[in-house]
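Enquirer: So the sequence shown is numbered by the working numbering: it starts at 8 and just counts up by one.
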Amino acid sequence: MIWLVIGRREQGKTTLAMSMALRVPARLIFDPRGMIRPDAPRAETPAELDEAMDDLFEGRVAEVRFTPRGDVEEGFVAFATAAAAWVRADVTRPLAVVVDEAGFVPRSNRVAPFMWLCRCSRRDTIQIIMTAHRPLDISTSVRAISDHWLIYPCRQEHDLRVLEERCSESAMRAIARLKDRQFLAWDDAHTTSRLYEDPAAWYVNLSDPQPPATSLADTGTPLPPERRSLFDDA
């Protein structure tokens with residue numbers, strides 16, 4: 008499943024992406040800004056990423072954060088290659104692949120391992136979650152096969168036109184009226200939308216070096232409907 012989380016700065020895109028990712032037992036995160044759990048261990052080179060992926064695959068860790076020390080584009084190629092290798096090793100094992108701030112990385116249609124991942128991974132086991140400031144930050148090749156668009160308030164005229172063409176006029180108008188930290192979820196397969204108004208329902212602390220339980224259900228606490236539906240209604 009491919010999820011695009013789009014919106015201006017400080018609307019909660021990364022928080023939403025991580026809230027969703029925490030529903031998956033294993034998580035691989037491309038974090039070029041180093042903003043997600045900044046005090047937690049992270050891989051910074053392809054060699055460190057390979058070692059961390061072994062730990063993730065064997066279940067010794069639940070989450071791998073990759074913040075490339077050098078060239079970000081080269082780092083993204085290594086990241087996409089690692090994610091694709093996971094799927095090739097076992098297509099049935101769930102994995103959340105989070106790409107934070109897609110504008111930092113090369114146009115994804117030029118990265119063959121990432122496009123392979125988008126096109127060939129199973130929708131029921133691999134959750135690809137990308138955040139971006141604008142639709143144009145994500146290549147048309149990825150947008151064309153994305154399943155869900157989660158769109159925060161948008162005011163920029165060109166972006167609203169893109170959203171109208173992709174979604175609908177009524178969805179575009181609803182997006183333009185959103186309040187801060189609200190978002191509209193567009194289901195591209197069924198051409199339906201749903202409004203999410205309560206950011207507390209998907210809040211997680213991005214500075215916490217120890218992520219919470221994989222699912223709130225693991226602690227015996229029911230998942231809030233707004234969080235649960237992001238995956239369970241798909």
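Glycine residues also receive a C-beta, built at the ideal position from the N, C-alpha and C atoms.
For clarity, every value in this text was computed on a predicted model and none was experimentally measured.
1. Determine the contact status of V106 and V112, defining contact as a CB-CB distance below 8 Å.
2. Quick one: what's got a C-beta closer than 7 Å to L213's C-beta in the same chain, skipping five residues either side?
3. Under three-state DSSP, which class holds A69?
4. Just verifying my parser: in three-state terms, what is the DSSP assignment at I145?
5. With D194 as the anchor, note down where its alpha helix (DSSP H) starts and where it stops.
6. Using 8 Å as the threshold, is the stretch 198-217 in touch with the stretch 26-36, meaning 3 or more CB pairs across them?
7. Report yes if the C-beta distance between L191 and I158 is below 8 Å; otherwise report no.
8. For R13, which three-state DSSP category applies?
9. Contact defined as beta carbons within less than 8 Å: I believe F121 pairs with A87. What is the distance between those atoms, to the nearest angstrom?
10. Based on the DSSP output, what are the partners of A103 in its beta bridges?
11. Quick one, are the C-beta atoms of E70 and P218 less than 8 Å apart?
Expert: In this structure, then:
1. yes
2. T21, T22, M25, M42, I43, R44
3. coil
4. coil
5. First-last for D194: 190-194, but that is the beta strand (DSSP E), not the alpha helix (DSSP H).
6. yes
7. yes
8. In the sequence on display, residue 13 carries Ile and not Arg. In the structure shown, I13 sits in a strand (DSSP, three-state: E or B).
9. 4 Å
10. R34, Q134
11. yes
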